[in-house]
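Everything below concerns the one structure shown next.
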Amino acid sequence: MRLLLVLVLVMCVAVMVGCGGKKARPPEDMDEMGEQGGAKLPGEGDDAGATDEPVTPIKPGGSDEIELKRIYFDYDKYNLDNDAITTLAGNAAALMDNSSVKIRIEGHCDDRGTEDYNLALGEKRALAARDYLVNFGIAQSRISVISYGEERPLDPTENEKAWAKNRRSEFDIR
Amino acid sequence: MRPFANAHVSTHAAIHTLAAALALIAALAAALVFAPAAGAQTDVRLRITAEGRSAIRIGFLEPEKEIDEDMAGYHEEFLRILKDDLEMSGYFEIVKDPEKDEPHALVGAVTESRSRELSFDVNLQDRVSSQSIFRRKYAGATDGIAMVAHVVADDIVYALTGRQGIANTQMAFVAGARGEASLYTVHIDGSGLSRITQTPSIVMSPSWSPDATRIAYVSYASGDPAIYVIDLEDKTTVRFSAFEGMNAMPAWSPDGSKIALTLSKDGNPEVYVISIDGKTRKRLTRYSGIDCSPTWAPNGFELAFTTDRTGSPQIYAVDMEGLSPRRITHEGRYNTSPAWSPEGDLIAYVARIDGGFQICTVDPFGITTSVLTEKGDNEYPNWSPDGMHIIYSSQAGSKSGIYIMNRDGSGKRRIFKDLENPRSPAWSAQPRKTKLEPLEG
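Order-wise, the sequence lines are chains A and B. Counting in this note's numbering, the final residue of the first sequence is number 760, and the numbers go up one at a time with none missing. Counting in this note's numbering, the final residue of the second sequence is number 442, and the numbers go up one at a time with none missing.
Structure representation (structure tokens):
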């Protein structure tokens with residue numbers, strides 16, 4: 587209930603800020619302002635303060651206020667190591683506090699090995715994260731999974747550092 | 002067991018004797034290897050040769066009559082492609098001197114102008130008896146010489162081996178940047194490139210219907226992975242499988258009635274078989290890790306697949322009831338992507354060896370393995386319809402592309418390198434349709 591109230595408030599703020607921002611926005615092309623020089627646009631002074639507010643991270647729905655971190659895997663593995671579990675616990679807590687948020691977990695691999703096996707491996711990496719979250723108490727209906735196998739590397743270079751970066755699960759807020 | 006089915010039709014005594022001797026050896030070898038496991042996989046036939054000393058030797062005769070001056074260029078082109086095709090077939094050795102090198106068979110050809118087309122008079126004969134094995138006239142346009150040569154090559158293959166040739170076949174493959182790829186088809190000689198899917202997306206794993214009219218493939222075009230089936234004739238596409246989670250690695254059954262695939266809808270990747278009409282669905286694997294990449298035994302009784310149930314990916318086989326999966330690969334810690342040969346006697350797969358990924362073969366009982374590639378990262382092994390060749394994709398810098406090799410790893414050559422990152426080749430089981438018919442003979 588409290589959460590709902592917070593969300594409603596966040597949404598109201600977002601809508602207000604959105605309207606305010608629109609009103610305050612100067613013409614797209616500043617060159618058009620040439621004749622008026624530095625003259626103030628109508629209303630600019632009134633709303634100028636609004637742009638100083640930390641509004642940018644908040645979007646309608648408020649979902650961007652939660653940050654879900656990537657987890658990483660060993661070569662050819664899909665089990666969760668201690669680092670991954672620590673990260674996942676944080677992600678799970680954030681999801682508990684934001685019960686309306688739905689996510690899609692993406693599983694990824696480095697590009698060594700076969701495309702088809704990597705697709706299955708990516709699926710298992712996404713599913714490992716999902717199963718952890720579900721065991722934590724997150725409703726499975728809030729989570730979908732997708733494997734991209736080796737199709738979407740974070741770093742396309744061919745070295746150990748890049749490969750380690752690419753073997754991951756990502757949490758995409760829907 | 003039908004060890005000699007298709008082994009031989011009509012040709013002359015010398016070749017017959019050679020083939021019979023080889024057949025006997027092959028039969029004995031097959032009996033030795035396969036007898037202990039009778040009933041499991043008995044679809045083994047004669048293999049003549051991949052290449053080497055037991056190849057059928059072919060000599061080319063001087064034309065019976067002089068080739069017209071304006072026909073000489075076409076004639077040369079025809080002979081060049083025909084010889085290439087015959088060598089690529091894996092059955093033949095082209096001898097230099099048809100007199101001294103004692104070939105088994107002789108080919109004579111005359112290229113002439115015939116109304117607006119070209120006419121190719123081809124005579125295949127036994128060298129010793131000089132008897133004609135066949136004599137046919139073929140017609141083709143000046144820009145269709147390759148097609149005529151392919152048809153003639155396949156006719157020679159059939160006449161001397163009883164087998165369907167591959168010169169006139171095609172493959173499907175994927176090309177394009179990651180995430181923006183398309184499905185293509187191309188004739189096996191590299192001509193006739195055709196783009197099949199229009200929306201760039203993640204595209205993977207094409208698999209032909211046995212009659213070569215349709216291709217099943219994976220696409221993420223809707224945002225989620227799904228298996229689609231495209232009809233190449235009327236260009237219609239249907240969504241075949243779009244369950245929650247992964248829908249991947251389709252493999253069309255040899256009888257055309259089913260598709261084996263990998264689904265994760267039950268919580269992890271498992272192998273399923275779904276009828277083409279979608280009405281029946283059967284799960285064949287039950288394991289909490291990875292089961293994926295099914296490939297059909299040609300008799301349709303078994304599927305080989307990849308599973309990590311021992312802690313590392315290995316090739317297993319399972320029957321259509323999903324009962325008692327048996328392990329096939331034992332060496333190494335990474336064996337994936339099985340492809341069962343059309344004759345059932347070998348399974349090609351990818352193994353990690355010294356950090357690289359190599360194409361290997363193993364018999365269905367896991368007794369004998371062979372490593373066929375040495376360099377780079379190779380994957381997606383796939384058999385030619387005659388079981389004589391393997392195509393695969395290779396990542397090796399400037400030498401990347403789609404390669405063909407004989408089933409013993411000899412005779413590697415790149416057959417396609419155009420477009421960006423061509424990969425995932427699938428060889429059609431049927432010759433492409435052609436209106437070309439012999440004029441006579």
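Idealized CB from N, CA, C, for every residue including glycine.
Distance check for residue j and residue i, CA to CA, integer angstroms please.
i	j	result
A:E737	B:R179	6 Å
B:V153	B:P104	19 Å
B:I168	A:L674	The question names Ile, but residue 168 of chain B in the sequence shown is Ala. Rounded to the nearest angstrom, the two C-alpha atoms are 55 Å apart.
B:N407	B:M89	9 Å
B:L420	B:G177	7 Å
A:T672	A:E756	15 Å
B:G53	B:F93	Low confidence applies to B:G53: its pLDDT is 41, below 50, so where it sits in the model is not reliable, and the reading given next is rough at best. Each residue's Cα considered, the two are about 9 Å apart.
B:G377	B:T112	44 Å
B:P270	B:V129	60 Å
B:E65	B:G109	7 Å
B:I157	B:L125	8 Å
B:W1	B:S276	With chain B covering only 2 through 442, there is no way to say anything about residue 1 of chain B.
B:I260	B:Q431	18 Å
B:P386	A:G723	52 Å
A:D741	B:F61	55 Å
B:L262	B:V274	6 Å
B:R284	B:G74	58 Å
B:S206	B:E67	50 Å
By the criterion of Cβ-Cβ separation under 8 Å, what are the contact partners of residue i in chain B?
i	result
A:K710	N269, P270, G290 and I291
Using only CA atoms, which one of the options lies nearest to residue i?
i	options	result
B:P414	B:G163, B:D190 and B:S55	With the sequence shown as reference, residue 414 of chain B is identified as Arg, and Pro is not the correct amino acid for it. Nearest C-alpha to B:R414: B:D190.
A:I732	A:Q726, A:R690 and A:S685	A:R690
B:S220	B:S254, B:H188, B:V175 and B:Q132	B:V175
B:F358	B:D364, B:R81 and B:Y335	B:Y335
B:T362	B:W384, B:D355 and B:G356	B:W384
B:T337	B:S294, B:K97 and B:M321	B:S294
A:L707	A:E653, A:F659 and A:K655	A:F659
B:S313	B:R353, B:G224, B:G398 and B:G279	B:R353
B:S401	B:N422, B:D320 and B:Q132	B:N422
B:V319	B:D346, B:K280, B:V272 and B:T237	B:V272
B:P343	B:Q165, B:F417, B:D155 and B:P207	B:Q165
A:G705	A:K751, A:G735, A:Y661 and A:N668	Checking the sequence shown, residue 705 of chain A turns out to be Leu, not Gly. Looking at the Cα atoms, A:G735 is the closest of the given residues.
B:G356	A:A679, A:R698, A:N677 and A:Y664	A:R698
B:A56	B:D86, B:G91, B:E77 and B:A222	B:G91
Taking Cβ-Cβ distances shorter than 9 Å, what residues in chain A pair up with residue i?
i	result
B:I203	Y734, G735, E737 and R738
B:G180	Y734, E737 and R738
Keeping to the same chain, check which residues put their C-beta closer than 8 Å to that of residue i; ignore five residues upstream and five downstream.
i	result
B:D256	P211 and G301
B:G1	Since the first residue of chain B shown is 2 and the last is 442, residue 1 of chain B is not available in this structure.
B:S114	D69, D71, M72 and S120
B:T12	Because the pLDDT of B:T12 is 36, which lies under 50, any placement of that residue in the model is unreliable, and the question is left without a value.
B:I291	N269, P270, T307, T308, D309 and P314
Is residue i near the ligand FAD, with its Cβ less than 7 Å from a heavy atom?
i	result
B:T186	This structure lacks the ligand FAD; in fact it carries no ligand of any kind.
Return the chain-ordered list of same chain residues with a C-beta closer than 7 Å to the C-beta of residue i, the five sequence neighbours on each side being excluded.
i	result
B:I360	A349, V351, L373, T374, N379, P382, I391 and Y393
B:E100	none
B:L194	Y185 and V187
B:A227	S220, R240, S242, A243 and N248
Name the chain B residues that come within less than 9 Å of residue i, Cβ to Cβ?
i	result
A:G699	P314, Y335, T337, V351, R353, F358, D378 and E380
A:L674	Neighbours of A:L674 on chain B: none; closest Cβ ~18 Å, over 9 Å.
Using a cut-off of 7 Å between C-beta atoms, extract the partners of residue i located in chain A.
i	result
B:M406	Within chain A, no residue comes near B:M406; the closest Cβ sits about 18 Å away, beyond 7 Å.
B:T263	A706
B:S206	D702
B:T143	Simply none; closest approach about 41 Å.
If I measure Cβ to Cβ from residue i and keep anything under 6 Å in the same chain, skipping five residues before and after, which residues do I get?
i	result
B:S265	G246 and M247
B:T296	A252, A305, P339, A340 and W341
B:K84	I95
B:I82	A147 and A150
B:S429	T170, Q171, W209 and A213
A:W749	D696
B:D232	R215
Which residues of chain A have a Cβ atom closer than 8 Å to the Cβ of residue i, listed in chain order?
i	result
B:D225	I732
B:T374	Within chain A, no residue comes near B:T374; the closest Cβ sits about 13 Å away, beyond 8 Å.
B:A427	Per Cβ cutoff of 8 Å: no residues; B:A427 is ~12 Å from chain A at best.
Mind listing, in chain order, the continuous alpha helix (DSSP H) runs of no fewer than 4 residues lying wholly within the stretch 51-94 of chain B?
For secondary structure counted as the alpha helix (DSSP H) over 4 or more consecutive residues, the stretch 51-94 of chain B holds these complete runs in sequence order: 73-89.
Write down every uninterrupted run of the alpha helix (DSSP H) in the stretch 132-195 of chain B whose length is 4 residues or greater and which is fully enclosed by it, in chain order.
Runs of alpha helix (DSSP H) with 4 or more residues, each lying fully within the stretch 132-195 of chain B, are found at 146-162, listed in chain order.
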